[in-house]
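Right, one structure below, let's go through it.
In this note's numbering, the protein residues as written are 653 to 730.
Here is the structure:
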(Lines of atoms letter the chains of each structure in order from A and count residues from 1; the text may use other names and numbers.)
(Lines give C-alpha, C1' and ligand atoms only; values in the text may rest on other atoms or scores of the structure.)
Protein backbone atom coordinates (compact mmCIF):
# COMPACT_ATOMS: atom_id res chain seq x y z
CA UNK A 1 0.00 0.00 0.00
CA UNK A 2 1.42 3.37 -1.03
CA UNK A 3 -0.28 5.27 1.79
CA UNK A 4 -2.16 3.84 4.73
CA UNK A 5 -5.92 4.27 4.90
CA UNK A 6 -5.87 6.48 7.99
CA UNK A 7 -3.35 8.94 6.54
CA UNK A 8 -5.21 9.02 3.24
CA UNK A 9 -8.49 9.76 5.04
CA UNK A 10 -6.87 12.63 6.96
CA UNK A 11 -5.41 14.15 3.80
CA UNK A 12 -8.67 13.68 1.91
CA UNK A 13 -10.60 15.36 4.72
CA UNK A 14 -8.18 18.30 4.71
CA UNK A 15 -8.50 18.73 0.96
CA UNK A 16 -12.30 18.56 1.20
CA UNK A 17 -12.27 21.24 3.90
CA UNK A 18 -9.96 23.36 1.76
CA UNK A 19 -12.33 23.06 -1.19
CA UNK A 20 -15.24 24.13 1.00
CA UNK A 21 -13.21 27.05 2.35
CA UNK A 22 -12.22 28.18 -1.14
CA UNK A 23 -15.85 28.07 -2.23
CA UNK A 24 -16.94 30.09 0.78
CA UNK A 25 -14.12 32.61 0.31
CA UNK A 26 -14.99 33.03 -3.35
CA UNK A 27 -18.63 33.75 -2.52
CA UNK A 28 -17.63 36.16 0.24
CA UNK A 29 -15.25 38.11 -1.99
CA UNK A 30 -17.75 38.22 -4.85
CA UNK A 31 -20.42 39.46 -2.45
CA UNK A 32 -18.37 42.41 -1.22
CA UNK A 33 -19.57 44.58 -4.06
CA UNK A 34 -16.96 47.13 -5.12
CA UNK A 35 -17.78 50.69 -4.13
CA UNK A 36 -14.70 52.62 -5.13
CA UNK A 37 -11.89 52.07 -7.59
CA UNK A 38 -9.58 51.20 -4.69
CA UNK A 39 -12.09 48.71 -3.27
CA UNK A 40 -12.60 47.18 -6.70
CA UNK A 41 -8.83 46.69 -7.09
CA UNK A 42 -8.54 45.17 -3.59
CA UNK A 43 -11.44 42.78 -4.19
CA UNK A 44 -9.90 41.79 -7.52
CA UNK A 45 -6.62 40.94 -5.80
CA UNK A 46 -8.44 38.93 -3.14
CA UNK A 47 -10.35 36.99 -5.76
CA UNK A 48 -7.14 36.26 -7.67
CA UNK A 49 -5.53 34.92 -4.49
CA UNK A 50 -8.55 32.71 -3.79
CA UNK A 51 -8.42 31.39 -7.35
CA UNK A 52 -4.71 30.59 -6.99
CA UNK A 53 -5.47 28.62 -3.84
CA UNK A 54 -8.26 26.82 -5.67
CA UNK A 55 -5.80 25.69 -8.35
CA UNK A 56 -3.49 24.22 -5.69
CA UNK A 57 -6.40 22.46 -3.99
CA UNK A 58 -7.54 21.01 -7.32
CA UNK A 59 -4.01 19.71 -7.90
CA UNK A 60 -4.08 18.13 -4.44
CA UNK A 61 -7.37 16.44 -5.36
CA UNK A 62 -5.78 15.05 -8.51
CA UNK A 63 -2.85 13.70 -6.50
CA UNK A 64 -5.24 12.10 -4.03
CA UNK A 65 -7.15 10.46 -6.87
CA UNK A 66 -3.90 9.10 -8.30
CA UNK A 67 -2.81 7.76 -4.91
CA UNK A 68 -6.21 6.16 -4.37
CA UNK A 69 -6.01 4.49 -7.77
CA UNK A 70 -2.44 3.31 -7.14
CA UNK A 71 -3.45 1.90 -3.76
CA UNK A 72 -6.35 0.03 -5.35
CA UNK A 73 -4.11 -1.38 -8.08
CA UNK A 74 -1.49 -2.46 -5.56
CA UNK A 75 -4.12 -4.05 -3.33
CA UNK A 76 -5.66 -5.94 -6.26
CA UNK A 77 -2.26 -7.37 -7.22
CA UNK A 78 -1.64 -8.80 -3.77
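Heads up, the beta-carbon is just placed ideally off N, CA and C, and yes, glycines get one too.
C-beta atoms of residue 668 and residue 702 nearer than 8 Å: no
Neighbourhood of residue 654 by C-beta, 7 Å cutoff - its chain only, sequence neighbours within 5 removed: 719, 722, 723, 726
Beta-carbon separation (whole angstroms), residue 681 vs residue 698, contact threshold 8 Å: 5 Å
CB-CB length for residue 716 against residue 663, believed under 8 Å: Correct: roughly 6 Å between the Cβ atoms.
Coil, strand or helix - residue 654 by DSSP: coil
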